[in-house]
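Notes follow once the structure below has been shown.
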Amino acid sequence: MDKHGEGRSIPDEETNPLPRGLESMLKLTIDGKEVSARPEQTILEAARQNGIDIPTLCYHEKLSLIKSCRICLVEVEGAEMPVASCATPIVDGMVVRTRTERVERMRREALRLLLVNHPLDCPVCDAGGECHLQNRVYEFGIERNEFPPEKRDIPASPYGTPLIRQWFDRCVMCLRCVHACIDVPGADVLDVVERGFPAHIEAVRKDNCISCGECLRVCPVGALTETLSPEKGRTWQLTRTQTTCPFCGCGCQLELNSLGDKKVVKVTTKGESGVNRGSLCVKGRFGIDWVNHPDRLKKPLVRKEGVLVETSWDEALDFVVTRLRQLKEKFGPQTIGGIASARATNEESYLFQKWMRACIGTNNIDSAADLASGAAIRGMNACLGVPGMTHPMDHVEEADLLLVIGADPYDDNLIFSNKMRLAIRRNNAKVVVVDPRQTQWEKWADLWLRPLPGSDRAWINGLSRLLIEGGSVRKDFIEEKTEGFDSFRASLERFSTEFVREVSGITPSDLEKLARLYKRAGRRAIIFGSGVMQNLH
Ligand code: SF4
Ligand code: SF4
Ligand code: SF4
Ligand code: FES
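The following block contains the structure:
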């Protein structure tokens, strides 16, 4: 019997002085400082987490390992040669030195070799002021290119998208763009062409390019620049305004880069901020140029004697307040209704409904978003009590089964599609696509079923029946959280696999395969789209 009494299990924290999770941490010494890190971390990650800077160039935390630049070399006690810290996992008791004379010399040498092809035209380069190469060159005190660049005879080949300009001479062949294009959207447009001195990056599968700009975002130098605006500005001339992309419900965070006259010249993202973690789709990255259009309304218009006349915001708002007050007094608040824009953020929509209810006194409020998703919102609310997604978007990254029904996230919502791809990369998630159309996700699917259009209800009910018959139900959950389960089960009686085949064309063996994959998975994500939402069943 222990001091806690017979039979009582001892919580971890009482036997182990370390907080939960830290007990599996490894200890190592970096530059004389003892630090702790998780076993799966690399030397670079452990160092950065503990505030120790190791210079890098090709490494990017969002991408798979590249290991092309050798700038991140460090010495490890017991190892004959310096190792790339971005690629070397930590070991308990490891002793690392990041600033020895030998590694500084080797880094400098690696940098000089990177400069062989590089013109160091920082004064006219778009990336000047925020270029990783420029920073490293400055850090290592390299004042000139010791191997003046030879003219390379690279055949002019257009990039994957006209929205990005490629500058071959500025490229340091770090391969970030190639990895980004494969790892993030999965487009696989770029590759290294030729070997040795003439080696360069080329858009070899141009048709795959979706103009997402992920390559542009990760390029550490000015070898890829956007062509959004013919006007350019140096970093220090631009004002960066953080805002929310207005194009879809994803709500990506982006920065509008404007020159003094408020002209937007490019769009960037800040680190890993927002739900998009620095990525954007073509609309957010390159579709904002409409704000510069000369026909865009920038001032309110009030109709005076039948003609719309430009006016000040004060006058326009006074006019709105006066008219609304008159209408409310004369006809009552219920004669007033408001429709919010589908482009409004959640916060703006919230404020709008609050204003309509509290100030006007009416519940006649709608949103234009209802036109596209109203049926799904009402359906989700009726079934689950939630008028929208049941989870934050990021949770899809944890899934080990992605069931994609009548949705094309790659085309319709790239940021969500990128998160789904993370589930494949991290968890080896299985993918089932059920869609009569061929979409990009079919490429990554373990199983692609093509039901006849309009037959989703049949196969979904058939799948439910198979799962219930196979015992894939949590009785405690059903008892505690649901109602009407018995009548639901009874309603599935006629949805035998044969019936499903007749109605949808999905064979019994395919439906059973789907049921097995679904049953085996521990964390499933169901992604449905307009194919089921905007269809008769
Ligand atoms: S814009 Fe996107 S799809 Fe096109 S090459 Fe760059 S990363 Fe690949
Ligand atoms: S274009 Fe940029 S990201 Fe791609 S290899 Fe060259 S320097 Fe690296
Ligand atoms: S997914 Fe594209 S359109 Fe939607 S919010 Fe993000 S950048 Fe904008
Ligand atoms: S940052 Fe490690 S090899 Fe490039």
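No gaps in the numbering here: position 31 of the sequence shown is 1295 in our numbering, and each next residue is one more.
Every residue gets a Cβ at the ideal spot worked out from N, C-alpha and C, and that includes glycine.
What you are looking at is a predicted structure, and each value in this text was computed from that prediction instead of being measured.
Check, Outcome
"CB-CB length for I1354 against Q1313, believed under 8 angstroms", "Contact doesn't hold; Cβ gap of about 11 angstroms is too wide."
"Under 5 angstroms, CB to nearest heavy atom of ligand 4: contacting residues", "T1320, C1322, Y1323, K1331, C1333, C1336, A1348, C1350"
"Endpoints, beta strand (DSSP E) assigned at A1604", "1602-1604"
"Whole-angstrom distance between G1515 and F1792, CA atom to CA atom", "19 angstroms"
"Test item: CB-CB of L1480 and L1492 under 8 angstroms", "no"
"D1276 versus H1659: straight-line alpha-carbon distance, rounded", "With a pLDDT of 40 at D1276, under the threshold of 50, the modelled position of that residue is not reliable, and no figure is offered here."
"Cut-off 6 angstroms between Cβ atoms - residues of its own chain near I1274, not counting five sequence neighbours on either side", "Model confidence at I1274 stands at a pLDDT of 33, short of 50, so the residue's coordinates are unreliable; what they give is reported in the following sentence. No residues qualify anywhere along the chain."
"Three-way DSSP call (helix, strand, coil) for L1502 in this model", "coil"
"Residue from L1378, I1474, G1450 with nearest C-alpha to V1433", "Sequence check: residue 1433 is Asp here, not Val. Comparing Cα positions, the closest option is L1378."
"Distance CB(A1374)-CB(S1349) smaller than 8 angstroms", "no"
"Any non-hydrogen atom of ligand 2 closer than 7 angstroms to L1488 Cβ", "yes"
"Residues bridged to T1489 [DSSP beta-bridge criterion]", "R1429"
"Local conformation of N1521 per DSSP, three classes", "strand"
"Nearest-angstrom beta carbon gap, V1442 and V1457 [assumed within contact, 8 angstroms]", "Not a contact, Cβ separation roughly 11 angstroms."
"heavy atom of ligand 2 below 7 angstroms from C1516 C-beta", "no"
"Residues of its chain near T1293, where Cβ-Cβ distance is below 6 angstroms and the 5 sequence neighbours each way are ignored", "V1359"
"N- and C-terminal bounds of the alpha helix (DSSP H) containing S1794", "1794-1797"
"Simplified DSSP state of V1571, which is helix, strand or coil", "strand"
"Contacting residues, own chain, Cβ-Cβ under 7 angstroms from K1783 (five flanking each side not counted)", "L1731, G1734, S1736"
"Beta-carbon proximity check, P1510 vs C1476, cutoff 8 angstroms", "no"
"Limits of the alpha helix (DSSP H) - the one that E1804 falls within", "Shown here, the chain extends from 1265 to 1801; a query on residue 1804 therefore has no answer."
"Three-state class that DSSP yields for L1711 in the structure shown", "strand"
"Chain-order list of residues whose beta-carbon lies under 6 angstroms from that of N1409 (same chain, five-residue window excluded)", "L1379, L1384"
"beta-carbon C1438 near ligand 1 non-hydrogen atom, thresh 7 angstroms", "no"
"contact_flag[the segment 1525-1536, the segment 1694-1704] where n(CB pairs < 8 angstroms) is 3 or more", "no"
"DSSP three-state assignment for E1325, whether helix, strand or coil", "coil"
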